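Trainee: Using our numbering, you'd call the opening residue of the sequence shown number 222 and step up by one each time. For each residue, glycine too, the CB sits at the ideal point set by N, CA and C. Treat the numbers as computed from the prediction; the structure is a model and nothing was measured. Next up is a structure, given as structure tokens.
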Amino acid sequence: MSDASKSTSSVLPPSPRAHTAGAKVLAVTSGKGGVGKTFVSANLAAALTKRGYRVLVLDADLGLANLDVVLNLYPKTTLHDVFTGKAKLENAIHKAPGGFSVLLAGSGMVEYSRLTPQVRNEFLEVVNSLVPKYDVIVLDTGAGISDVVLFAVSLASEILVVATPEPTSLTDAYATIKVLAVQQNRDHVHLVINQAARMGDGRAITAQLQTVLDRYVGSEAGKRMRLVHVGDIPIDASVREAVMRRQLLLLTAAGCPAAIAVSALAAKLDEALLKD
Ligand SMILES: Nc1ncnc2c1ncn2[C@@H]1O[C@H](COP(=O)(O)OP(=O)(O)O)[C@@H](O)[C@H]1O
Ligand SMILES: [Mg+2]
């Protein structure tokens, strides 16, 4: 942040940010599918936009893209057109409700669910061209440890793993985090526990996962993978209602417990990753 914006930030919220260093690329991923990655990506983007950042969400779940459904946006021009050379990148970027930008995958992307050298190059080129234009790029990736998911995550400087308290979600999160440590040499990931029955449960869950990681990944790979617990989001009927109505929770039910938790998550990530 520039000195000028620092001095005015207390009197002029949301403060203007310095746009010099290029975007932080944050991959939102998970072990198991359906845990809330797209919900978190879209609403976190809205919350970070509110905090004064220029944010773009890229639908990087190429095979099972559904950010368009959540945002009720069906643009003519998508990432698919950019990958096939039918459109310029800037024409595939659209404004979402919530004020952030989106680059949607488009239905034709199913054919890209396999990681070919072409997909690799196109993906890399798209992210590289976006980095200078935003403060935060959120990659809403797929679940699991397929090549294409791991490649999308490899493009990010920071990772947010979404897990629910269900044992199946936690074992799959463990598998994903282990691969990130071993294959991508990551030494930390951020962890948010979504659909928590009680706020605060995530701390104990994180500590348990950390113990297992220390025991197995630490000894096998000879390095430590540190989990940074960045918050819990409660299970909240308003989330399902917002998805059914194809509206952003943060815009239509900003006072509900899940929306408050996503705003708190944005504040935490702002503090941890973005303010430097
Ligand atoms: N905190 C929550 N409370 C209640 N339901 C939720 C919550 N988070 C997600 N959901 C439900 O889970 C569904 C799947 O979420 P989604 O973001 O599409 O998952 P993913 O992108 O990981 O596949 C949503 O449509 C919503 O109905
Ligand atoms: Mg999704």
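Does the distance between the C-beta of D361 and the nearest non-hydrogen atom of ligand 2 fall short of 8 Å?
Mentor: Here residue 361 is taken as the residue at index 140 of the sequence shown, counted from 1. Yes, since a heavy atom of ligand 2 falls inside the 8 Å radius drawn around the Cβ of D361.
Trainee: Just to confirm the assignment: which complete beta strand (DSSP E) runs, minimum length 3, are found wholly within the region 398–459?
Mentor: Fully enclosed beta strand (DSSP E) runs of 3 or longer: 409–417 and 447–455.
Trainee: Answer with buried or exposed for K316, where buried requires no fewer than 16 other C-beta atoms within 10 angstroms of its C-beta.
Mentor: Start at 1 with the first residue of the sequence shown, and residue 316 comes out as number 95. Exposed.
Trainee: Looking at A268: is its Cβ nearer than 9 Å to the Cβ of V483?
Mentor: What you label residue 268 is simply residue 47 of the sequence shown in a count that begins at 1. What you label residue 483 is simply residue 262 of the sequence shown in a count that begins at 1. When the beta-carbon positions are compared, A268 and V483 come within less than 9 Å of each other.
Trainee: Alpha carbon to alpha carbon, how far is G327 from Q339? Give it in angstroms, no decimals.
Mentor: By 1-based counting over the sequence shown, the position of residue 339 is 118. By 1-based counting over the sequence shown, the position of residue 327 is 106. Their backbone Cα atoms lie some 17 Å apart in a straight line.
Trainee: Is R447 near ligand 1 - that is, is its Cβ less than 8 Å away from at least one heavy atom of it?
Mentor: Along the sequence shown, one-based indexing puts residue 447 at 226. Not so, every heavy atom of ligand 1 lies at least 8 Å from the Cβ.
Trainee: Over the uninterrupted alpha helix (DSSP H) stretch that includes T270, give me the two end residues.
Mentor: Numbered from 1 along the sequence shown, position 49 holds the residue referred to as residue 270. Annotation for T270: the continuous alpha helix (DSSP H) segment containing it runs K258 to K271.
Trainee: What are the boundary residues of the alpha helix (DSSP H) that L324 is part of?
Mentor: Residue 324 sits at position 103 when you count from the first residue of the sequence shown. Taken as a continuous stretch (DSSP letters only), L324 belongs to no alpha helix (DSSP H), being part of the beta strand (DSSP E) at S322 to L324.
Trainee: Leaving out the 5 sequence neighbours to the left and right, which residues in its chain are closer than 6 Å to L336 when beta-carbon positions are compared?
Mentor: Here residue 336 refers to the residue found at position 115 of the sequence shown. Once the five neighbours on either side are set aside, the close Cβ partners of L336 are D368, V369 and F372.
Trainee: For a minimum of 3 consecutive residues, which ranges assigned as the beta strand (DSSP E) are wholly contained in the region 317–392?
Mentor: 322–324, 357–364 and 379–384
Trainee: What are the start and end residues of the alpha helix (DSSP H) that includes K489?
Mentor: One-based indexing of the sequence shown puts residue 489 at position 268. That run of the alpha helix (DSSP H) goes P478 to L490.
Trainee: With a 10 Å radius around its C-beta and 16 neighbouring C-beta atoms as the bar for buried, classify V256 as buried or exposed.
Mentor: For the purposes of this step, residue 256 is taken as the residue at position 35 of the sequence shown. Flag for V256 reads buried.
Trainee: Only counting the same chain, and skipping five residues up and downstream in sequence, which positions put a Cβ closer than 6 Å to that of R275?
Mentor: Indexing the sequence shown from 1 puts residue 275 at position 54. Y355 and D356.
Trainee: Should T259 be labelled buried (16 or more other beta-carbon atoms within 10 Å of its own) or exposed?
Mentor: As a first step, residue 259 must be located in the sequence shown, where it is residue number 38. Its Cβ being crowded by 16 or more others within 10 Å, T259 is buried.
Trainee: Can you tell me whether DSSP reads L277 as helix, strand or coil?
Mentor: Working through the sequence shown from its first residue, we reach residue 277 at position 56. Here L277 sits in strand by DSSP.
Trainee: Less than 9 Å between the beta carbons of L292 and A263, yes or no?
Mentor: Along the sequence shown, read from residue 1 onward, the residue named residue 292 stands at position 71. Along the sequence shown, read from residue 1 onward, the residue named residue 263 stands at position 42. Yes; because the gap between Cβ atoms is below 9 Å, this pair is in contact.
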